[in-house]
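Going by this note's numbering, the sequence shown opens with residue 320, and the numbers climb by one from there.
Some notes on the structure that comes next.
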Amino acid sequence: MTQNSDGSYDIFFGPEPLAGQEGNTIKTNPGEGFFVIFRFYGPTEPYYDKSYQLPNIELVKGDARVQ
320 MTQNSDGSYD
330 IFFGPEPLAG
340 QEGNTIKTNP
350 GEGFFVIFRF
360 YGPTEPYYDK
370 SYQLPNIELV
380 KGDARVQ
């Protein structure tokens, strides 16, 4: 996976990876829905006191395949 300069990671979902994001793409089946499940390993206090909020999945615009 490619890490962003701020230490975060972008993960993409789709039937084909975006150019340059092959290592950060999780393949999906075209025309089918999917569920995202996130598992925390070794969570710290922000997880337990609910001060950490996992960001929502966002639609990537600007790609010709996004309709």
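C-beta atoms are modelled at their ideal positions from N, C-alpha and C, and glycine is treated no differently.
Quick caveat, the model's predicted, so the values are computed rather than measured.
DSSP three-state label for Y328, please.
Strand.
By Cβ distance below 8 Å, which residues in the same chain neighbour Y366 in space, the five residues on each side in sequence not counted?
The residues are F359.
If you draw a straight line from the C-alpha of P311 to the C-alpha of T347, how long is it?
Examination of residue 311 is not possible in this model, given that the chain is present from 320 through 386 alone.
Leaving out five residues on either side along the sequence, give the residues of the same chain with a beta carbon under 6 Å from the beta carbon of F332.
Once the five neighbours on either side are set aside, the close Cβ partners of F332 are I345 and T347.
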